[in-house]
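Notes to accompany the following structure.
Protein chains in written order, with the numbering used here: chain A, 0 to 189; chain B, 21 to 355; chain C, 31 to 586.
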């Protein structure tokens with residue numbers, strides 16, 4: 000075996016972060032596809048929203064508010080991890096997870112209360128699709144947050160390594176942004 | 021300073037934006053414009069994300085008197101070892117997708133499998149962290165895996181076995197179900213006896229056997245769920261099935277009367293070669309709330325529809341494919 | 031000057047990181063990019079076999095007027111053949127080759143996320159199997175994705191096979207996106223210092239661009255699939271023929287994904303052809319910038335031809351559709367010029383992979399000619415399209431894929447593929463695509479529809495149909511020979527005595543043994559230009575061997 004000199008050990012950094020950003024780009028296009036469908040149908044299908052398809056705006060506003068609120072605790076958690084305040088980080092992550100679960104719960108209640116469903120026509124179909132995708136993104140985000148919480152508890156995330164927490168935060172912020180877009184489409188644009 | 025990759029993405033963004041404008045002017049159609057706008061936005065996000073590549077995109081200038089190039093040892097850390105959890109996770113996700121297409125029970129099993137596979141994968145990643153020592157492993161095992169994980173896993177396993185076998189046995193005929201149960205029992209007994217008879221068994225062998233068993237169960241569950249249950253004789257057969265005939269794009273019956281709180285059985289005969297079905301709606305027609313939509317089919321053929329009669333009242337039955345085919349569907353108080 | 035003399039003066043370098051243990055792991059738990067790449071490749075070839083068999087049955091059916099070999103299942107087979115060939119063969123095959131070759135070409139020797147890649151591999155295999163199984167259970171309702179009017183859901187929901195079909199495709203689409211993400215991060219983050227993106231080999235650059243477009247375009251397809259799934263499962267009415275809004279949405283979904291996808295089937299091949307030509311011409315491309323520009327322009331144009339094709343009723347046709355499609359001649363032409371310029375005055379190594387590259391150029395030219403004729407004559411949307419698909423959309427890129435297999439066989443399989451069989455494969459594939467294309471084109475000019483089992487042949491129609499059938503048979507022979515050669519070579523477990531660098535190449539994949547060791551590289555040459563091996567060889571020639579030339583780097 001030749002005694003080879005080694006080059007400067009360039010440990011690749013931020014692999015996961017770059018990967019998640021690219022995945023966020025893909026998810027943006029996924030939402031884009033559904034939005035394009037929504038906006039296209041909105042212009043071409045009369046009446047819009049369909050008859051009897053009123054959605055309870057109060058509930059949808061609550062859902063949006065929940066997501067906006069969740070920005071703070073996740074950032075707090077990331078800050079706390081950098082400062083090695085594990086208890087605070089766990090609290091922050093826990094609150095974010097709780098808000099996410101609340102969002103899903105409220106979403107399922109809203110869907111149950113809605114007077115339309117996937118079969119009731121184009122409006123129902125595309126709104127159902129948007130809700131489904133939202134919930135899927137939130138579910139993935141909850142999974143990432145849970146794993147981060149477990150790692151923080153196990154001291155695998157801390158001042159030396161906050162990669163997983165940052166990645167989960169990035170995905171969560173994307174989810175919040177997407178949910179605001181959906182909220183805008185459903186309540187403001189109608 | 022933008023890396024070349026970022027510049028590439030900016031080019032894609034610019035193309036998207038240009039296409040959005042061009043498309044908007046040329047065709048003026050929403051969906052396409054929005055898609056291109058999103059393409060431009062996504063390109064910008066990616067460009068920003070890739071803007072700071074850690075590997076410098078410009079080459080260090082090599083001085084003329086530099087020594088000739090030689091081989092270096094690879095400077096990049098070797099990859100983590102692979103894990104079987106990746107294949108398991110892929111199987112779980114596929115099962116979830118299949119379940120979404122077939123029945124919700126399979127989807128629920130799939131969702132559970134996804135959770136398990138994610139946990140397993142994460143456990144693997146966790147165990148590769150530098151802070152993982154054998155002492156930590158023992159602690160986790162004794163405090164968590166054995167007291168909680170083992171019972172939960174056993175219960176889940178039992179439920180899954182019950183579900184898979186039940187789907188299969190319900191789908192085959194009565195005698196077939198007896199035979200299948202016997203065969204499955206013999207196979208399980210034989211496999212366990214074989215494993216027990218061997219003095220040592222490599223873990224890979226056990227894993228292979230477990231994987232085979234899991235795949236078989238999943239396959240049985242899905243096949244059984246797709247095939248559906250066999251027909252079971254119903255107790256109340258005293259009501260004659262209602263016969264409805266569609267001929268020359270018309271129903272031959274104009275009124276159907278059934279009793280409330282009972283199962284409605286409609287024998288639908290389609291004498292045309294176009295698609296017909298029987299569907300019941302609350303109000304005047306298909307714009308109102310649907311009670312039941314029968315599977316559409318082309319004639320000449322006949323199908324039997326079964327559904328629960330709705331509350332007492334007057335409804336409409338229609339053909340979903342042809343507006344003119346309508347009749348009254350009355351639900352009366354039963355005896 | 032030997033290395034041992036230089037040692038004492040230099041500061042003690044940090045010990046190199048230990049290579050990954052060379053433990054044989056099973057295919058289910060490997061993180062070795064080479065095995066993952068081969069798995070993708072073999073999965074794709076497996077689906078190719080399925081699609082080919084189905085295609086042959088269909089062609090036999092079509093040839094005999096009035097004969098019903100398969101009865102009502104023809105529609106089912108049409109959909110199966112289309113789906114398998116479109117989504118389950120070329121894209122995953124390129125991902126497989128890229129997974130194997132790109133980490134070697136960029137000197138990384140590993141993927142960024144090997145486990146994610148393994149996850150993507152199994153998603154592809156299982157999702158593809160689900161789609162095929164869906165067809166075997168029952169034909170999914172409707173005419174399949176290729177129709178501009180997608181499946182119409184009967185009220186109450188479609189049959190389960192349709193849902194399975196959609197679910198399988200969705201899983202495969204997710205797999206493609208994940209693999210693309212991994213390849214992009216690998217290329218961007220794991221290059222050794224000195225290997226800038228500008229110095230990267232063309233196949234790696236093409237893979238980068240392809241993966242970026244994939245992860246931008248595929249999600250829109252997923253969105254459409256989601257809507258289709260909801261529509262089918264719950265009996266909505268969005269995608270019915272009466273609903274123009276739904277039609278438009280589906281067309282957009284299909285085309286913002288489908289049009290780039292068609293281009294992306296060829297793009298990695300174009301990059302591979304650049305590397306193939308340069309390697310066998312034994313000199314660098316005459317203009318790397320032009321080649322890179324051509325590849326990039328090709329990718330950008332993939333977003334440009336934006337609409338369903340002419341001839342589809344009520345389709346959205348952007349007035350710029352034809353000019354933008356025609357514009358693709360520019361980058362491809364540029365690349366062909368670069369290749370020709372490189373081949374001029376080169377000490378050519380006549381390798382069978384060059385045959386396939388030449389075949390690609392000829393098929394593309396043939397297809398372009400037909401496109402011009404069709405434009406003049408005014409034919410579209412019938413059997414002509416079948417011909418065009420089989421020559422330009424699938425035939426030409428397939429030739430490039432086979433070229434890559436023959437070129438990189440020493441790395442992929444450890445030893446070269448048989449040159450003799452290679453020529454047979456070329457005859458079969460090129461001749462097959464050409465004849466089948468010609469037959470279908472002529473049928474199209476004759477007015478024959480596509481996708482219909484029996485139709486009244488005109489006088490010439492049966493001749494053209496027979497021509498296409500002969501083409502199909504040739505194609506089958508070629509594919510069979512290819513599969514035979516690949517399987518035979520891959521299964522050969524004897525130690526290989528193939529040299530590291532059988533062609534005298536210039537890029538980093540030739541700096542390791544054939545096949546590469548489990549850790550892919552024992553030592554990576556320092557990169558100071560786009561031809562690191564040429565620099566290394568020049569250094570060896572100039573100052574005496576620093577490391578053993580050519581055969582160095584292989585472990586004992």
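From the three backbone atoms N, C-alpha and C, an ideal C-beta is built for every residue, glycine too.
Here the structure is a predicted model, which means the values were calculated and not measured.
{"Asked": "Give me, in chain order, the residues of the same chain whose beta-carbon lies closer than 8 Å to that of residue 96(A); leave out the 5 immediate sequence neighbours on both sides.", "Found": "141, 144, 145 and 148"}
{"Asked": "Using C-beta distances below 8 Å, list every residue in its chain close to residue 53(B), excluding the 5 sequence neighbours before and after it, in chain order.", "Found": "40, 43 and 44"}
{"Asked": "Cα separation between residue 82(A) and residue 34(B)?", "Found": "41 Å"}
{"Asked": "Suppose contacts are defined by Cβ-Cβ distances below 8 Å. Is residue 132(C) in contact with residue 61(C) by that definition?", "Found": "no"}
{"Asked": "Going along chain B in order, which residues have a C-beta closer than 9 Å to the C-beta of residue 289(C)?", "Found": "Under the 9 Å cutoff, chain B gives no residues; its nearest Cβ is about 11 Å from residue 289(C)."}
{"Asked": "Between which two residues does the alpha helix (DSSP H) carrying residue 533(C) extend?", "Found": "Per DSSP, residue 533(C) belongs to no alpha helix (DSSP H) and is neither H nor E."}
{"Asked": "So what does DSSP say about residue 158(B), is it helix, strand or coil?", "Found": "helix"}
{"Asked": "Rounded to whole angstroms, what's the CA-CA distance from residue 205(B) to residue 79(C)? Just pull it up for me.", "Found": "37 Å"}
{"Asked": "Kindly provide the ranges of any alpha helix (DSSP H) runs that are 4 or more residues long and lie completely inside the segment 40-82 of chain B, ordered along the chain.", "Found": "50-69"}
{"Asked": "If residue 417(C) sits next to residue 502(C), beta carbons under 8 Å apart, how far is it from one beta carbon to the other, in whole angstroms?", "Found": "No, residue 417(C) and residue 502(C) are not in contact; Cβ-Cβ is about 12 Å, not under 8 Å."}
{"Asked": "Starting from residue 206(B) and walking both ways along the alpha helix (DSSP H), at which residues does that stretch end?", "Found": "194-217"}
{"Asked": "Should residue 137(B) be flagged as near chain A, meaning a C-beta pair shorter than 8 Å?", "Found": "no"}
{"Asked": "Near residue 64(B), what residues of its chain come up, given a Cβ to Cβ distance below 6 Å and the 5 sequence neighbours on each side ignored?", "Found": "33"}
{"Asked": "At the 8 Å Cβ level, is residue 207(C) part of the contact set with chain A, yes or no?", "Found": "yes"}
{"Asked": "Please list the partners that residue 185(B) has in chain A, where partner means a Cβ-to-Cβ separation under 8 Å.", "Found": "In chain order: nothing, as chain A lies at least about 30 Å away."}
{"Asked": "For residue 16(A), report the span of its alpha helix (DSSP H) as first-last.", "Found": "14-43"}
{"Asked": "Since residue 58(B) meets chain A, which of its residues come closer than 9 Å, beta carbon to beta carbon?", "Found": "27, 28, 30, 31, 32, 34 and 35"}
{"Asked": "Between the segment 139-159 of chain C and the segment 76-92 of chain B, do at least 3 Cβ pairs fall closer than 8 Å?", "Found": "no"}
{"Asked": "Could you confirm whether any beta carbon from chain B is found closer than 8 Å to the beta carbon of residue 130(A)?", "Found": "no"}
{"Asked": "Could you work out which residue in 71(C), 462(C), 386(C) and 544(C) is closest to residue 523(C) when comparing CA atoms only?", "Found": "544(C)"}
{"Asked": "Quick check: residue 86(C) and residue 506(C), are their CB atoms within less than 8 Å of each other?", "Found": "yes"}
{"Asked": "Counting only beta-carbon atoms, is residue 103(B) nearer than 8 Å to chain C?", "Found": "yes"}
{"Asked": "Please report how far the alpha carbon of residue 309(B) lies from the alpha carbon of residue 302(B), in whole angstroms.", "Found": "5 Å"}
{"Asked": "For residue 126(B), tell me which candidate among 274(B), 23(B), 229(B) and 187(B) has the shortest Cα-Cα distance.", "Found": "187(B)"}
{"Asked": "Among residues of its own chain, excluding the 5 on either side of residue 81(C), which ones have a beta-carbon nearer than 7 Å to its beta-carbon?", "Found": "111, 114, 115 and 119"}
{"Asked": "Below 7 Å CB to CB, which residues in the same chain sit around residue 117(C) once its five sequence neighbours on both sides are set aside?", "Found": "199 and 202"}
{"Asked": "Could you tell me the boundaries of the beta strand (DSSP E) in which residue 334(B) lies?", "Found": "333-339"}
{"Asked": "Taking 8 Å as the CB-CB limit, is residue 556(C) close to chain B?", "Found": "yes"}
{"Asked": "In angstroms, rounded to a whole number, what distance separates the CA positions of residue 352(B) and residue 93(A)?", "Found": "55 Å"}
{"Asked": "Classify residue 221(B) as buried or exposed, calling it buried when 16 or more other Cβ atoms lie within 10 Å of its own Cβ.", "Found": "exposed"}
{"Asked": "Please report the distance separating the alpha-carbon of residue 304(B) from that of residue 274(B).", "Found": "14 Å"}
{"Asked": "Any beta carbon of chain C sitting closer than 8 Å to that of residue 3(A)?", "Found": "Reliability of the predicted coordinates at residue 3(A) is poor, the pLDDT of 49 falling under 50, and the value obtained from them is presented with this limitation in mind. By this cut-off, residue 3(A) is an interface position."}
{"Asked": "With DSSP run on the structure shown, which of helix, strand or coil describes residue 347(B)?", "Found": "strand"}
{"Asked": "Residue 132(A) and residue 536(C) - do their beta-carbons sit closer together than 8 Å?", "Found": "no"}
{"Asked": "Rounded to whole angstroms, how far is the Cβ of residue 437(C) from the Cβ of residue 526(C), which I believe are closer than 8 Å?", "Found": "With 8 Å as the limit, residue 437(C) and residue 526(C) do not qualify as a contact, their Cβ atoms being about 17 Å apart."}
{"Asked": "Consult DSSP for residue 171(A) and reduce its assignment to one of helix, strand or coil.", "Found": "helix"}
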